[in-house]
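A.B. asks:
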Amino acid sequence: MALRCRWSVRRWAARLAAARRPLFTETGVWEELTDAERLAAERRWLDVVSEPGSAARPDVEHTGSAYVLAMFPYPSGRLHMGHVVHPMGWDAFGLPAENAALERGLAPDRWTRQNIEHMRGQLRRMAAAFDWDRELATCQPDYYRWTQWLFLRLHRAGLVYRRQALVNWDPADGTVLADEQVDARGRSWRSGALVERRLLRQWFVRTTRFSERLLRSLDSPELRDWRDVIQLQRHWIGPCDGWRFELQVERCAPDDSAPPPEPLLLWVADPARLPAAAFIALRPEHPLAAGAAERTGLAARCPASGRRLPLLVSARLAYPEGADALLCDAADGPEAARLAGLLAEDGRPPPGPPLTAAEVVARGGGYRCSSHLHDWLISRQRYWGTPIPVVHCARCGAVPLPESRLPVTLPALPEQRVPGRSPLQAATDWLNTQCPSCGGPAQRETDTMDTFVDSSWYYLRFLDARHERAPFRPQRVNRHLPVDIYVGGKEHDSGDVVCAEDGRPVTVQWEKMSKSKHNGVDPAGVMDQLGADTMRLLMLATVAPTSSRRWSQDTFPPLLAWQRRLWLTVGELVRPAAGASAPSAAELARHEADMREERNYFVRTVTHNFQETHQLSVAISRLQGLTTALRRRPAWYRALGGEYQRALGDLIIMCSPVMPCLCAEMWAGFCAASRHSHPEHRLDLTVMQQRWPAVDADALLELVVELNGQQASVCLSPSLTASPGVGRQLNGQQAATVCLPRRQLDALTEVEALRLARAQPALARHAAGAAAAGQLLLQPGLGAVLRLSTEHRRPPDDDDPARREVLRQRQERKAAKKERREQRRLRKAEREER
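In the UniProt record's numbering, the protein residues as written are 1 to 834.
So, in C-alpha cells, the structure goes:
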C-alpha cells in the first residue's frame with residue numbers, strides 16, 4: 001500500500017510540475033528535457049496534433065484513399081499495453097465482458113459502456129489519430145441489427161443450419177467453446193476448467209462449402225508478405241482431397257412416435273464409391289450412434305442413386321482425420337468385412353450400375369473440402385451476444401424472423417442466474433412471443449451468436465457506419481477496398497510443455513497480458529509520469545509489430561536518453577555557441593557532402609521501414625542513428641551547416657508519428673532558430689503538416705537482381721559505389737553492384753533493368769539465359785528489385801562421378817533440412833490453431 005501511495009504521489013507531483021512548467025513556445029527559453037517538460041509539451045500540443053485533419057496541408061490536393069484497418073479491442077476491462085494500436089470501434093460482445101461484469105456485480109451493458117468511455121479517453125490522450133466519426137460498438141442495436149440481417153440472409157441461402165453436435169463445454173463459464181479455445185491439456189482458454197464433451201443442438205455456418213475457394217485464394221501473389229499467416233491458414237483449411245455430402249437418414253423400421261433423424265454429414269475421398277458401398281460406419285460418440293452397440297436401426301439414403309446405406313457403429317476402423325463417419329465395404333479390412341457380413345444376412349439388394357465421381361457429385365450436391373475442417377459453430381449459451389433472430393414453434397419448428405422485425409434486442413435480466421442454463425431463458429416476457437408463420441405461440445432462440453460473427457464484417461461497416469437502410473452501400477465501400485494495411489496480432493500459444501534437448505522442462509516465466517487474468521499494465525501510470533509521447537515510443541521501439549514482447553522497465557533508460565539527446569540537439573540550434581566559424585571553405589564543403597549522403601541514407605531506410613516493411617522498431621533505430629550522425633559533427637558545423645539543419649528538420653518530421661507532441665515543440669524551436677531556408681520545409685506550418693522527407697534526385701539507390709530466388713547483386717550503401725565490383729557472393733562468384741541515381745531508377749522499366757543486369761560482368765553468365773523481361777518491383781525513391789529466372793546450367797565438370805555424389809549428398813541434406821523446417825512450421829501452426 002505504501003508503494004502504491006508513493007507511486008501515486010510521484011504521478012500527481014509530475015503533473016502539477018507540468019502545469020507550472022513553461023515551454024519554449026511560451027517563454028522563448030529552451031529548457032532541459034525533464035519529466036515535467038514532457039508533460040508540459042503534451043499539455044500544450046495534444047489537442048493540436050489530435051485535431052482531425054491536423055496533418056493535412058492546405059497547399060496539397062489529396063486524391064485517392066487508403067484504408068488502414070485495425071482489429072478493434074474488447075472493452076471488457078481497462079486498456080493495457082497490448083491494445084494501444086486498436087482504433088475506431090469496440091468488439092463489445094462476448095464472454096470476457098460478461099464475466100468481468102458479473103465479477104463486479106454490474107450489468108454487462110453498463111460495464112461495457114464504462115470501459116468504452118475509459119478506453120476512448122486513454123486512446124485520445126495517446127494522440128492516436130483515429131477517425132472517431134466512424135466509431136461503432138458491436139453491442140449497439142444499430143450494429144447487431146445488421147449482424148442478425150446477415151444471419152437471415154445466410155439462412156435463406158442454405159448456409160446456416162441447426163443440428164445435434166458433440167461440443168466442448170466449459171463447466172465453469174457454462175458455455176460452448178470452439179476447438180481453438182481449448183488448450184493442449186483439454187482446459188478452457190479462459191477459466192482453466194477441464195472441458196467436457198456434451199451433445200447439444202447448435203447453430204452452424206456452412207463454411208466448409210468454401211474450402212476450395214479459400215485454399216486457392218492463398219496462392220495469390222498479392223499475399224507474398226503474409227507467408228506465416230498463409231501457412232497457418234493452409235494447415236487450418238487442410239488439403240481439399242475429398243468431398244462432403246449431406247445424406248438424409250431414415251429409420252429401418254417405421255416409428256411415427258419418434259422424431260425424424262437428422263441428416264448425416266459424410267466426407268469421402270472418392271465419390272464414385274458412394275453408390276456401391278456396403279454401409280457407413282460411425283464412431284461411438286456420433287450423435288446418430290445413440291449408444292448402439294453395432295446396429296443403429298438407421299440407414300442413410302445415397303443422394304446419387306437413392307440406395308439405402310445402413311449405419312453401423314465401430315471404434316475399430318481407421319477414420320479420416322477429424323471425421324466421425326466412414327464409407328465402407330467388405331474390402332476395407334477385417335473389421336469392415338465382419339460388419340459387412342452382418343448385413344449380408346439381411347439379404348440386401350445389390351447396388352445398381354456404377355457411377356463416375358463427377359456423376360455422383362452432380363447428382364448428390366457434394367463439394368470439395370478436407371476431412372478435418374468443420375463448419376463454424378456460432379451459438380453460445382450466454383447473455384452478452386447478438387440474439388439469434390429465430391423463434392421455435394411447436395407447429396412450424398424453427399422459424400426465422402422477417403427482416404422487418406429486426407433488431408431483436410437483448411432484455412434486462414434478473415440478477416440471479418441458474419447455472420447450466422442459457423441466461424435468456426429467465427427473461428420470460430422476452431422469451432414468449434408469436435410465430436411469424438402461423439401466428440401461434442412460440443419461444444425465442446435463447447442462444448446468442450459467437451462474438452466472432454460480429455467482428456467478421458466490421459471492416460465493411462466502418463466505411464458506412466451511419467447508414468440506416470443497409471449494413472453498407474457497395475458503391476461507398478468499394479471506393480476504399482481492399483484494405484491497404486491491416487493491423488493486429490497473432491495469438492502465440494504457450495500451453496504446450498516445452499522441453500530442452502536434455503529433456504528438462506523449460507519454465508515459462510511470463511504470460512500474455514489479459515484483462516481476464518488481471519495482469520495488464522495500465523498505460524495511465526506511464527503517461528502520468530512520462531507523457532503520452534514517451535508511452536508511444538516505449539511501445540514501438542523495442543520489438544517488431546509481429547513479435548511478442550516482454551514488457552519491462554529495463555527498456556526505458558536508453559529510449560529516454562535518446563529523447564534527451566534529440567531535445568538537446570534542437571536546443572543547441574536554438575542557442576548556438578557564440579563566434580562559430582568554419583576552418584575553411586573546403587572543410588565546410590566536405591562536411592556538407594558527408595551530411596547530405598548520411599541524410600539520404602537515413603531518409604531512405606526510415607521510409608522503407610515505415611512504408612514497406614512496417615518494422616517500426618527498426619525505423620526508430622534508424623532515427624536514433626541519424627541523431628548520432630548529427631551529434632558527432634563538430635560544434636562549428638552544427639551552427640553553420642545547411643545540410644545539417646536540413647537533416648535535423650527531417651529528423652524531427654520523421655519522429656513526429658511516434659512522438660507528435662514533443663516533435664511539435666521541437667519543430668517550433670527549429671523554425672524559430674533555423675538560419676537556412678530549404679524548399680521542402682514549410683516553416684509556417686506545423687510539423688504534422690510537413691511533407692515527408694524524400695531522397696535527393698541525384699542520390700544513388702539500389703537495383704537488386706534476384707536470380708532464381710537468390711539475391712545476385714546489391715549496392716550495400718551509396719558510399720560503397722565508388723569501388724567497382726562491390727557486392728555479395730553468388731554461387732561462389734563476386735557479383736557487381738547496380739546503383740542508379742534516383743531520377744533514373746524511378747523511371748526504370750523492366751527491359752532497361754534487364755539490360756543493366758546483363759551489362760554487369762559478374763552477372764552476365766547468370767543472366768544470359770534469363771527471359772526477355774523479368775519482374776520489376778519498383779519502390780519510387782527507395783529502390784527496385786528485378787526478379788529473373790534462368791535454366792540451371794551444369795558446369796562441364798558435372799560429369800565427374802565424385803562431384804555427382806557430392807551434389808547428391810548436398811541435395812539430400814537440403815531436403816532433410818527443408819523437411820525439418822516444414823515440420824517445425826506445422827507444429828507451430830497447430831499450436832497457434834489451438
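For every residue, glycine included, the Cβ atom is placed at its ideal position computed from N, Cα and C.
(1) Could you give the distance in angstroms between the alpha-carbon of Ile653 and the alpha-carbon of Glu572?
(2) What is the rounded straight-line gap between the Cα of residue 837 and the Cα of Ala97?
(3) What do you get for Gly356, buried or exposed, if any count of 16 or more other CB atoms within 10 angstroms of its CB means buried?
(4) Please confirm whether Tyr486 and Leu218 have their CB atoms less than 8 Å apart.
(5) Could you compute how far the alpha carbon of Arg820 sits from the alpha carbon of Ser370?
(6) Go ahead and pull the three-state DSSP assignment for Val508.
(7) Can you have a look at Thr627 and say buried or exposed, based on whether 16 or more other CB atoms are within 10 angstroms of its CB?
(8) For Trp146, tell me which candidate among Pro263, Arg187, Ala318 and Asp464 has the shortest Cα-Cα distance.
(9) Whole angstroms is fine: what's the gap from Pro389's alpha carbon to Leu136's?
(10) From Pro441 to Pro400, what does the alpha carbon distance come to, in whole angstroms?
(11) Return the chain-ordered ranges of every alpha helix (DSSP H) run that is complete within the UniProt domain "Aminoacyl-tRNA synthetase class Ia" (373-465) and spans a minimum of 4 residues.
(12) Check this for me: beta carbons of Ala278 and Ala330, under 8 Å apart or not?
(13) Within a Cβ cutoff of 6 Å, which residues of the same chain sit near Ala541, ignoring the five residues on either side of it in sequence?
(14) Would you say Gly641 and Arg633 are within 8 Å of each other, going by their C-beta atoms?
(15) Hey, quick one: how far does the alpha helix (DSSP H) through residue 855 stretch, first residue to last?
(16) DSSP beta-bridge partners for Arg308?
(17) Drop a sphere of 10 angstroms on the beta-carbon of Leu623, count the other beta-carbons inside from all chains shown, and report buried for 16 or more, exposed for fewer.
(18) Quick one: using the 10 Å Cβ neighbour count with 16 as the cut-off for buried, is Val29 buried or exposed?
(19) Just the Cα atoms here: how many angstroms apart are Glu212 and Arg564?
(20) For Leu214, name the three-state secondary structure that DSSP assigns.
(21) Mark Gln645 as exposed unless 16 or more other C-beta atoms lie within 10 angstroms of its C-beta, in which case mark it buried.
(22) Out of Trp567, Ala362 and Arg206, which has the shortest C-alpha to C-alpha gap to Pro271?
(23) Going along the chain, which residues of its own chain have a beta-carbon closer than 7 Å to the beta-carbon of Thr555, five neighbours each way excluded?
(24) Leaving out five residues before and five after residue 850 in sequence, what residues of the same chain have Cβ atoms less than 8 Å from its Cβ?
(25) Look at the Cβ atom of Pro436, then the Cβ atom of Gly364, and state whether they are nearer than 8 Å.
(26) I think Pro310 touches Ala299, with their Cβ atoms under 8 Å apart; what is that distance to the nearest whole Å?
(27) Look at Arg461 and Pro471 and say whether their C-beta atoms are less than 8 Å apart.
(28) Quick one: give me the first and last residue of the beta strand (DSSP E) that Asn168 is part of.
(29) Assuming contact is defined by CB atoms lying nearer than 8 Å, are Leu377 and Val176 in contact in what I supplied?
(30) Mapping the DSSP letters down to three states, classify Arg820 as helix, strand or coil.
(31) Give the DSSP-derived three-state secondary structure of Ser188 in the structure shown.
(32) Using only CA atoms, which one of Arg575, Gln744, Ala699 and Pro741 lies nearest to Ser674?
(33) Tell me the rounded alpha-carbon separation between Thr207 and Tyr458.
(34) Restricting to Cα atoms, I'd like to know which of Asp255, Thr534 and His614 is closest to Pro545.
(35) Using a 10 Å radius around the Cβ and a threshold of 16 neighbouring Cβ atoms, would you call Ser789 buried or exposed?
(36) Leaving out five residues on either side along the sequence, give the residues of the same chain with a beta carbon under 6 Å from the beta carbon of Trp189.
C.D. replies: From the atom records:
(1) 18 Å
(2) Any property of residue 837 remains undetermined from this structure, which presents the chain solely from 1 to 834.
(3) Before going further, note that residue 356 is Thr rather than Gly in the sequence given. So Thr356 counts as exposed.
(4) no
(5) 24 Å
(6) A caution first: Val508 carries a pLDDT of 38, below 50, which makes its placement in the model unreliable, though a value can still be read off. Looking at Val508 - three-state DSSP - the assignment turns out to be coil, as it is neither helix nor strand.
(7) buried
(8) Asp464
(9) 21 Å
(10) 15 Å
(11) 428-431, 451-454 and 458-461
(12) yes
(13) Leu559, Ser617 and Ile620
(14) yes
(15) Nothing in the structure corresponds to residue 855, since the chain is present only between 1 and 834.
(16) Arg301
(17) buried
(18) exposed
(19) 56 Å
(20) helix
(21) buried
(22) Ala362
(23) Leu538 and Thr542
(24) The displayed coordinates of the chain run from 1 to 834. Any statement about residue 850 would go beyond what the structure contains.
(25) no
(26) 5 Å
(27) yes
(28) Val160 to Asp170
(29) yes
(30) helix
(31) strand
(32) Arg575
(33) 19 Å
(34) His614
(35) exposed
(36) Gln181
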